[in-house]
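So the structure is just underneath, and the comments pick up after that.
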Amino acid sequence: MPAKITAARQNFAALRTPLLCPVCNEPLKLAENSFRCPAGHCFDLSAKNYLNLAPHLKAPALYDERLFAARRAVFDAGFYAPLAEALVKQAQALQQRLGRPITVLDAGCGEGYFAAEVLAALDGETCEMLAVDLAKPGLLLAARRAREMKCLLADLARLPVPDNSLDIILNVLSPANYQEFRRVLRPGGLLLKVAPGAAYLQEVRQAFNIAPGEKSEAERLLAAAAGEYSTTTLHYTRPVTPEQRENLLAMSPLAGHHTAREADFTEVTIDLQMFVATF
Ligand SMILES: C[S@@+](CC[C@H](N)C(=O)[O-])C[C@H]1O[C@@H](n2cnc3c(N)ncnc32)[C@H](O)[C@@H]1O
Ligand SMILES: [Zn+2]
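Position 121 (the sequence shown) corresponds to 121 in the numbering used here; numbering is contiguous.
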């Protein structure tokens with residue numbers, strides 16, 4: 001245990017981005033194994049390599065261990081590799097353009113696949129990765145996936161970082177708060193927002209007897225909030241083994257609301273829209 005908390009402290013001691021107290025907004029300082037603000041609000045670092053900055057907030061319903069384990073299995077099988085590559089390309093291009101280390105925050109990181117892929121492609125020298133989620137079961141997995149990631153249990157609508165402190169926000173299949181994203185992004189910083197297209201996981205929707213997806217609201221809301229944005233569609237199908245089918249059925253919060261009928265699909269449709277936006 002002492003070795004683990006030491007490793008967690010070393011990881012967070014290397015943080016370049018200042019963290020702000022969620023109670024009074026003043027800067028937090030790391031002393032021993034806790035972050036404290038000048039007013040004395042104190043947040044203990046976990047030996048599990050994450051920092052809980054929202055001890056009184058409730059996690060979003062339906063996001064449990066089973067869901068995140070299923071997401072991890074699906075991601076690790078490569079179903080979303082084209083999306084990870086597209087995000088990595090954007091991050092690499094911005095880092096090369098700026099010619100300095102960049103700060104990236106994944107708002108709604110879940111079990112951490114996309115944040116970890118970006119970090120692995122850029123490495124810790126050129127990229128500081130903050131991974132934020134309110135669901136502890138996801139964050140615990142993220143904190144183990146990439147030990148140098150700074151995993152923060154926090155609300156993405158109230159990010160614990162200063163104005164103009166981030167170069168990229170990742171926001172993959174998670175709720176957005178554009179006002180907050182605008183506050184924390186540096187001028188010229190990018191929001192990489194990913195939303196489901198109409199055919200996204202249509203085989204899973206059918207198994208749950210849910211009507212086909214409609215065009216998500218994401219683009220309308222983003223268009224109203226962003227300065228400029230571009231859209232890329234990633235639409236493909238992949239074959240599915242019976243075990244992968246179980247994980248695809250369990251990876252979505254739909255699974256908590258609906259009972260699947262006997263599902264026998266043998267391929268799955270991934271239909272995603274990636275928005276690259278500036279504010
Ligand atoms: C469908 S999951 C996507 C997670 C991850 N990006 C992925 O693709 O696996 C949505 C995530 O948003 C998180 N979330 C929802 N509301 C949030 C909030 N207000 N603050 C932080 N995270 C939130 C959930 O806990 C969940 O992990
Ligand atoms: Zn405080």
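Ideal placement from N, C-alpha and C gives every residue a C-beta, glycine not left out.
Residue i vs residue j beta-carbon contact at 9 Å
i      : j      : result
MET129 : LEU119 : yes
ALA289 : LEU28  : For residue 289 there is no data in the structure shown, the boundaries of the chain being 1 and 279.
ILE169 : LEU134 : no
GLU111 : ARG72  : yes
PHE75  : TYR50  : no
ALA70  : ASN209 : no
THR17  : VAL161 : yes
SER283 : VAL276 : Past the boundaries of the shown model lies residue 283; the chain is included only from 1 to 279, so the question cannot be answered.
ASN177 : LEU156 : yes
Residue i versus residue j: straight-line alpha-carbon distance, rounded
i      : j      : result
ILE270 : ALA116 : 21 Å
VAL194 : THR232 : 10 Å
LYS150 : ASN11  : 7 Å
VAL172 : GLU243 : 24 Å
ALA154 : ASN52  : 7 Å
GLY197 : VAL268 : 14 Å
ASP264 : LEU67  : 20 Å
LEU45  : LYS4   : 11 Å
TYR63  : GLY227 : 32 Å
GLY256 : ALA250 : 8 Å
ALA61  : SER34  : 28 Å
LEU30  : ILE102 : 22 Å
ARG144 : ALA13  : 17 Å
THR6   : GLN206 : 48 Å
VAL131 : ARG261 : The question names Val, but residue 131 is Ala in the sequence shown. Each residue's Cα considered, the two are about 35 Å apart.
ALA142 : CYS109 : 8 Å
ALA218 : PRO2   : 44 Å
SER216 : ALA39  : 43 Å
VAL88  : THR259 : 36 Å
ALA225 : LEU166 : 18 Å
Cβ-based burial, residue i [other Cβ within 10 Å; buried from 16]
i      : result
ARG245 : buried
GLU32  : exposed
SER252 : buried
ASN164 : exposed
GLY78  : exposed
GLU85  : exposed
GLY189 : buried
GLN96  : exposed
GLU203 : buried
CYS24  : exposed
ARG182 : buried
TYR200 : buried
ASP296 : The chain is shown only over 1 to 279; residue 296 falls outside these bounds and no answer can be derived.
GLY319 : For residue 319 there is no data in the structure shown, the boundaries of the chain being 1 and 279.
LYS58  : exposed
GLN179 : exposed
Those residues which DSSP pairs with residue i across a bridge
i      : result
PRO196 : LEU272
GLU128 : THR103
LEU152 : LEU51, VAL132
HIS235 : ASP271
GLU228 : THR278
VAL172 : VAL194
ARG36  : LYS29, CYS42
LEU166 : LEU185
LEU159 : According to DSSP, LEU159 bridges with nothing at all.
LEU20  : PRO27
C-beta neighbour in chain C for residue i, strict 9 Å
i      : result
ILE169 : Among the protein chains of the structure shown there is no chain C, as only one such chain exists.
Within 6 Å of ligand 3: residues by beta-carbon to any heavy atom: The ligand content of the structure shown is limited to ligand 1 and ligand 2, which means ligand 3 is not among them.
Just the residues with CB closer than 5 Å to a heavy atom of ligand 1, in chain order, which are they? For ligand 1, residues qualifying as neighbours are PRO60, TYR63, ARG71, GLY108, GLY110, ASP133, LEU134, ALA135, GLY138, ASP155, LEU156, VAL172, LEU173, SER174, PRO175, where qualification means a beta carbon closer than 5 Å to at least one of its heavy atoms (chain order).
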